[in-house]
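If you number the sequence shown the way my numbering does, the last residue is 248 and the count never jumps.
Comments concern the structure below.
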Amino acid sequence: MKYIFVFSILIAATLSLSAQNGNFHQFKVKTLEGEDFDMASLKGKKVMVVNVASKCGLTPQYEELQELYEKYKDQNFVIIGFPANNFLNQEPGSPAEIREFCTANYGVSFPIMEKISVKGKDIHPVYQWLTQKDENGVMDAPIKWNFQKFLIDEEGNLIKMIPPKESVLSDEVFEWIEE
């Protein structure tokens, strides 16, 4: 009986691990300026990942994102923005245009990565992992629009998705960062 119990626990653990293919720290991406960025460098930090766009009705969220980043950047927290042009051509800019827009209009100082696809046949591997339960082991969370946010813990595990229209300046987000 004891062996059956131990064997059952081993099988459950194996199935749980097989449902997740790595974690957020496994990815290497490029910054908006084309430099290599290894997500493993974020081990030990809480991360918010956001698909951003310059010509969207939700673009003013850059201001809240920057405010959140300023408040917590020295407390093992970082925001990573991924420009994406998947919705109504709302991020058509070149890397230089995107950087200029973010800096001039919102003073963005959190890391912005290269423009990628966050859905469809050409979905970037980071977003494939973020949005598919069989990859992240937690949830299916297809990208519905620009400014969908994902919370990643210090070990690189997906914790939660925040819908595009929800503010990041919520008690729920503050409590998550501060816990």
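No residue lacks a Cβ here, since even glycine has one placed at the ideal position from N, Cα and C.
Which residues DSSP lists as bridging residue i, in chain order
i, result
"valine 116", "Val147 and Ile221"
"phenylalanine 106", "Val98"
"isoleucine 185", "Ala153"
"valine 121", "Pro152"
"methionine 230", "Phe219"
Boundaries (first-last residue) of the beta strand (DSSP E) holding residue i
i, result
"valine 98", "97-99"
Collapsed DSSP secondary structure at residue i in the structure displayed
i, result
"serine 85", "The predicted model places serine 85 with a pLDDT of 41, which falls under 50 and marks its position as unreliable; any figure quoted below should be read in that light. Looking at serine 85 - three-state DSSP - the assignment turns out to be helix."
"lysine 202", "helix"
"valine 195", "helix"
"valine 242", "helix"
"leucine 167", "The question names leucine, but residue 167 is isoleucine in the sequence shown. Isoleucine 167: helix per DSSP, three-state reduction."
"phenylalanine 179", "coil"
"valine 237", "coil"
"asparagine 174", "helix"
"glutamate 160", "coil"
"leucine 111", "helix"
"glutamate 248", "coil"
Residue environment, residue i, which counts as buried when at least 16 other CB atoms sit within 10 Å
i, result
"leucine 137", "buried"
"asparagine 155", "buried"
"glycine 150", "buried"
"serine 178", "exposed"
"tryptophan 210", "Per the sequence presented here, residue 210 reads as alanine, with tryptophan not at that position. By the neighbour-count rule (16 or more Cβ atoms within 10 Å), alanine 210 is buried."
"glycine 225", "buried"
"lysine 227", "The sequence shown places leucine at residue 227, not lysine. When all chains shown are included, leucine 227 counts as buried."
"alanine 173", "exposed"
"serine 239", "exposed"
"asparagine 92", "buried"
"leucine 101", "buried"
"alanine 165", "exposed"
"glutamine 217", "buried"
"phenylalanine 160", "Position check: residue 160 holds glutamate in this sequence, whereas phenylalanine was assumed. With 16 or more Cβ atoms within 10 Å of its Cβ, glutamate 160 is classed as buried."
"asparagine 145", "exposed"
"alanine 109", "exposed"
"serine 236", "exposed"
First and last residue of the uninterrupted alpha helix (DSSP H) at residue i
i, result
"lysine 140", "130-141"
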